Structure formats: structure tokens, C-alpha cells
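First up is the structure itself, then whatever we jot down about it.
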Amino acid sequence: MKIIYAFALMLCFTATAFAQKYVPQFKNGTVLNYTAHSNAFGQDIPLTLTITSITAPVQMQYNIPQLGTGTFEMSEKAITSGKKMALKEPQTDGVTKLKDDETLAVLSKNTFNNLITNKTFELNGQTFNVIADTTSYKINDKEADIFYAETAKGKTKLWILNNPDFPLIYKLKGGQQGIDLTLNSIKE
């Protein structure tokens, strides 16, 4: 009888382990591979972001073919309470310091907390509402834990990784700056 109970308990733990969705761990050296789509030009542009400093100020080195490389820097205030996401042409071969209310490819901790607590948040002056989504999203061929949110009229849509330490943008569609983002892979 003890063997049956032990087997049933192991089965429960195994099922729980398999049910958990993938949440990547971010650290210095993590590489994020995106496709940026310029709506104005109808062109897809590969964008590689490498985290060079995961602690504030957070720094991401970018590589954009035919544009070059450089670094984006986000202040501690931006990571804590920023309400804007910057998608702008960076300073080539230098450091592009984002404003204290701007982040890049990640939500601020306060914005993410609003997403979790209130199922609504503000970004770039737009109000987003979290919507239940049963679609399976994958990162590195593993099912990821992703939130889906959109504006009231559904013009702008965001998919965000459920990671309070680093709520990464998985996908952006219909962004105000005319650029859509799609995460292709992560190298941890």
C-alpha cells in the first residue's frame, strides 16, 4: 500500500513539474533576438540585444545590421516606475541613455505590478487591459508564461513575459512609434 501512495505522490509531483511554463532567467550576457518590423517601410530588421548589466542602470548592447552597435541604458528610476517604452534610433557606437520614464523591451516593475494586481496598466499614454488568452506561446521551443494585453480598441497589442524581475516584451503589435517587435529566441 505504501508503494501505491509513493507512486501516486511521485506522479503528482511529475505532473506539476510538467505543467509549469518556461520563464527564462536573465543575467549579464543573456542575448535577446528580436525582429523589428518597420510599418512605414514594410521591412523586417533583425535586432539583437545583449544584457551587459542586469542591475541598474540596466544596459543592453544592441546590434542592428547596416546600422551598427551601441548600448541602451535604463536608469533605476525607469526600471522601477517608467511609463513609456522607447523605440527610437540609438546613438551608434555609443551609449543611448533613455529618459527616467523610458524602458526598452521591458516593462517597469510598477507597470508590471499594475498588470498583475489590477489587470490594467498605462504605457506610452495608452491604457492596456489584460485579456485571457489560451494561445500557446513559445520561447526556444518551450511553452512560455505570457500575458496578453491590448488597448480598448485593440489597436495596440502587447505580449509580456510573466517575470516580475524582468517583464520582457515578447511581442508588440501596433505600437505608436510605427515599429512592431517579435522575440525570436533567448540565449541564457
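Reading the sequence shown from the start, the letters are residues -19 to -1, 1 to 169 in mature numbering (1 follows the signal peptide of the UniProt record, and there is no 0). Yeah, the Cβ is synthetic: ideal placement off N, Cα and C, and Gly gets one too. Here the structure is a predicted model, which is why all the values come from computation and not from measurement.
Endpoints, alpha helix (DSSP H) assigned at residue i
i	result
Thr73	Unbroken run through Thr73: none, as it is neither H nor E.
Residue i versus residue j - alpha carbon distance
i	j	result
Lys154	Pro27	16 Å
Leu149	Leu104	14 Å
Gly106	Asn144	23 Å
Ala21	Leu68	14 Å
CB of residue i within 8 Å of CB of residue j, strictly
i	j	result
Ala130	Leu142	no
Gly75	Gly51	yes
Simplified DSSP assignment, three categories, for residue i
i	result
Phe22	coil
Phe112	First, the residue type needs correcting, since residue 112 is Ile and not Phe in the sequence shown. In this structure, Ile112 counts as coil in the three-state DSSP scheme.
Ile97	helix
Leu(-11)	Caution is warranted here: a pLDDT of 45 is assigned to Leu(-11), below 50, making its placement in the model unreliable, and no coordinate value can be reported.
Thr33	strand
Asn91	helix
Closest residue to residue i among the options (Cα-Cα distance)
i	options	result
Ile35	Asp25, Glu57 and Ile45	Glu57
Asn165	Ala17, Phe109, Asn99 and Gly63	Ala17
Tyr3	Lys152, Ser117, Gln157 and Gly156	Ser117
Thr33	Asn94, Lys152, Leu13 and Lys64	Leu13
Asn9	Thr163, Ala37 and Gln1	Ala37
Limits of the unbroken beta strand (DSSP E) element including residue i
i	result
Glu57	Looking at the DSSP string, Glu57 is not in any beta strand (DSSP E); the run it does join, the alpha helix (DSSP H), is Glu57 to Ser62.
Thr137	It is not in any beta strand (DSSP E) - Thr137 carries neither H nor E in the DSSP assignment.
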